[in-house]
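31 is the number that full-length UniProt numbering gives to position 31 of the sequence shown; each next residue is one higher, with no gaps.
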Amino acid sequence: MASLDDLPLRADLVGRTPYGAPQLDVPVRLNVNENAFPIADVVADDVVAAVREAIAGVHRYPDREFTELREAFAGYLGHGLDASSIWAANGSNEVLQHVLQAFGGPGRTLLSFSPTYSMYPLLAQGVGSAYVAAPRAADHTLDAATVTAAIEEHDPDVVFLCAPNNPTGTAMGLDVVEAACDAARGMVLVDEAYAEFAHDRSQTALSLLGRHERLLVSRTMSKAFAYAGVRVGYLAADPAVIDALRLVRLPYHLSALTQAAALAALRHAPTMLARVDELRAQRDRIVAELGRMGFSPFPSDANFVLFGGVADPHAAFEGMLADGVLVRDVGIPGTLRVTAGTPEETDAFLASVARLAPSPRP
Ligand SMILES: *Cc1c(COP(=O)(O)O)cnc(C)c1O
């Protein structure tokens with residue numbers, strides 16, 4: 001058997017490590033921001049029926065343009081969008097990859113603002129683009145002046161703004177998006193994977209699409225829609241941007257089964273999203289309880305909480321794992337990240353983390 005070192009691997013991939021959040025079979029899994037609640041039986045039945053119907057036609061390739069699905073996403077998003085402005089792929093990670101294949105690539109630069117989503121550098125690497133991470137403020141917020149200055153300094157071809165930001169949960173004002181669009185000569189993508197969990201859901205970059213033709217807004221069914229295992233992400237942008245993405249996608253990239261399963265779920269959007277408010281409440285509860293315990297949780301508009309005041313994150317991670325609670329060490333010193341779970345999962349997390357608490361606040 002060969003080792004990786006024996007293979008004629010692309011030089012820029014030598015020594016790289018793949019994405020690898022642990023997938024451990026423990027009772028309370030709060031490490032990858034999944035939706036804690038399985039989809040409702042009534043939706044599951046409809047999805048199965050739709051997939052059953054679709055499978056009768058799988059001797060043919062699926063609709064390459066996934067037109068019905070694009071119409072359904074346009075309807076879900078609102079903001080006057082129609083199918084010509086919608087793209088979708090197998091998870092928003094693939095959507096982001098399409099964007100970088102079309103607008104990044106060798107000799108080009110992706111700019112983002114760290115700490116942010118760990119996949120951005122990997123996606124840039126995969127298409128041969130340079131990745132530049134400009135810093136956020138100490139509290140992880142991002143303002144228009146910082147974004148404008150970084151764009152002027154680095155002259156990126158693509159800018160990724162994650163809002164609410166993973167792994168910090170930080171919200172971002174629409175003035176920041178506008179500033180980025182005004183300053184950048186390249187494409188500006190706002191990754192709204194957690195938009196449905198925001199305190200103020202009206203603050204979406206979708207509202208700016210009509211004004212900026214180089215603005216892209218990506219979303220996913222993995223989080224709020226509780227559909228992580230199906231792999232469906234999507235994006236809204238000017239129809240010309242969608243034409244650019246057609247140049248790089250593999251033919252028939254969305255299987256007939258994926259299209260059917262996504263369409264059926266979207267027909268039940270209110271039911272699929274029924275637990276979002278419960279998760280937002282658990283998220284707010286985690287922030288409040290961690291603060292009471294003496295930790296330093298960062299305000300979160302997502303379905304997870306990053307908290308500081310962890311003396312030894314590695315030891316704390318292992319300690320909670322021993323209690324059957326899986327959280328995430330995202331590599332920010334003195335912090336851990338936890339996903340908001342069901343009330344019972346959140347109870348288990350809070351009981352476990354309380355044992356590691358710095359010191360109760362007076
Ligand atoms: C989870 C997540 C995604 C979505 O990934 P999928 O490929 O759609 O499952 C995208 N962006 C961020 C910031 C995320 O945290």
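Yeah, the Cβ is synthetic: ideal placement off N, Cα and C, and Gly gets one too.
Throw me the rounded Cβ distance for the residue i and residue j pair, which I believe falls under 8 Å.
i           : j           : result
residue 320 : residue 300 : Between residue 300 and residue 320 the Cβ distance is about 19 Å, and since that is not below 8 Å, they are no contact.
residue 85  : residue 74  : 7 Å
residue 162 : residue 117 : 5 Å
residue 95  : residue 260 : About 19 Å separates the two Cβ atoms, so there is no contact after all.
residue 338 : residue 286 : 6 Å
residue 79  : residue 207 : 6 Å
residue 340 : residue 304 : 6 Å
residue 349 : residue 28  : 6 Å
residue 216 : residue 235 : 6 Å
residue 129 : residue 100 : 6 Å
residue 262 : residue 69  : 6 Å
residue 302 : residue 194 : 4 Å
residue 176 : residue 188 : Their Cβ separation, rounded to whole angstroms, is 10 Å, which puts residue 176 and residue 188 out of contact at 8 Å.
residue 110 : residue 160 : 6 Å
residue 12  : residue 97  : With a Cβ gap of about 16 Å, residue 12 and residue 97 do not count as contacting.
Identify the residues that DSSP records as bridge partners of residue i: which are they?
i           : result
residue 297 : 307
residue 363 : Any property of residue 363 remains undetermined from this structure, which presents the chain solely from 1 to 362.
residue 160 : 189
residue 106 : In the DSSP output, where bridge partners are listed per residue, residue 106 has none listed.
residue 117 : Paired residue(s): none; residue 117 is not in a bridge.
residue 234 : 88 and 219
residue 4   : Looking at the DSSP assignment, residue 4 forms no beta bridge with any residue, so it has no partner.
residue 328 : 337
residue 111 : 132 and 159
residue 64  : Answer is none; residue 64 lacks a bridge partner.
residue 52  : For residue 52, which the question treats as bridged, DSSP gives no partner whatsoever.
residue 28  : 325
Quick one: is residue i buried, meaning 16 or more other Cβ sit within 10 Å of its Cβ, or exposed?
i           : result
residue 23  : exposed
residue 361 : Annotation note: pLDDT 49 at residue 361 (below 50); position unreliable, coordinate value reported separately. With fewer than 16 other Cβ atoms within 10 Å, it is exposed.
residue 258 : buried
residue 211 : exposed
residue 192 : buried
residue 62  : buried
residue 5   : exposed
residue 1   : exposed
residue 313 : buried
residue 297 : buried
residue 112 : buried
residue 55  : exposed
residue 19  : exposed
residue 123 : buried
residue 21  : exposed
residue 92  : buried
residue 241 : buried
residue 145 : exposed
residue 57  : exposed
residue 229 : exposed
residue 14  : exposed
residue 82  : exposed
residue 3   : exposed
residue 204 : buried
residue 104 : buried
residue 48  : exposed
residue 264 : buried
residue 196 : buried
residue 164 : buried
residue 121 : buried
residue 266 : buried
residue 9   : exposed
- May I ask you to verify whether the segment 180-192 touches the segment 137-156, counting CB pairs closer than 8 Å and requiring at least 3? With a cut-off of 8 Å, the segment 137-156 and the segment 180-192 count as touching, because enough Cβ pairs lie within range.
- Evaluate the contact criterion for the segment 249-258 versus the segment 216-225: three or more CB pairs, one atom per stretch, below 8 Å. Between the segment 249-258 and the segment 216-225 there are fewer than three C-beta pairs closer than 8 Å, too few to call the two in contact.
- Examine the Cβ distances between the segment 64-74 and the segment 87-104 and report whether three or more of them are shorter than 8 Å. In the pairwise beta carbon analysis, the segment 64-74 is classified as touching the segment 87-104: at least three pairs are separated by under 8 Å.
- Message: To test your reading of the DSSP string, which unbroken alpha helix (DSSP H) runs of 4 or more residues are found completely within the segment 239-275?
- Response: Complete alpha helix (DSSP H) runs here, min 4: 239-246, 256-267 and 269-272.
- Task: For the segment 318-332 and the segment 276-288, state whether three or more C-beta atom pairs, one from each stretch, are separated by less than 8 Å.
- Result: Short answer: they don't touch.
- Item | Three-pair Cβ contact test at 8 Å for the segment 266-275 versus the segment 29-48 | Counting Cβ pairs under 8 Å, three or more are found: they touch.
- Query: So, do the segment 137-147 and the segment 168-178 have three or more beta carbon pairs nearer to each other than 8 Å?
  - Reply: Short answer: they touch.
- Item | Minimum length 3: unbroken beta strand (DSSP E) runs contained in the segment 118-144 | Correct list: 130-135.
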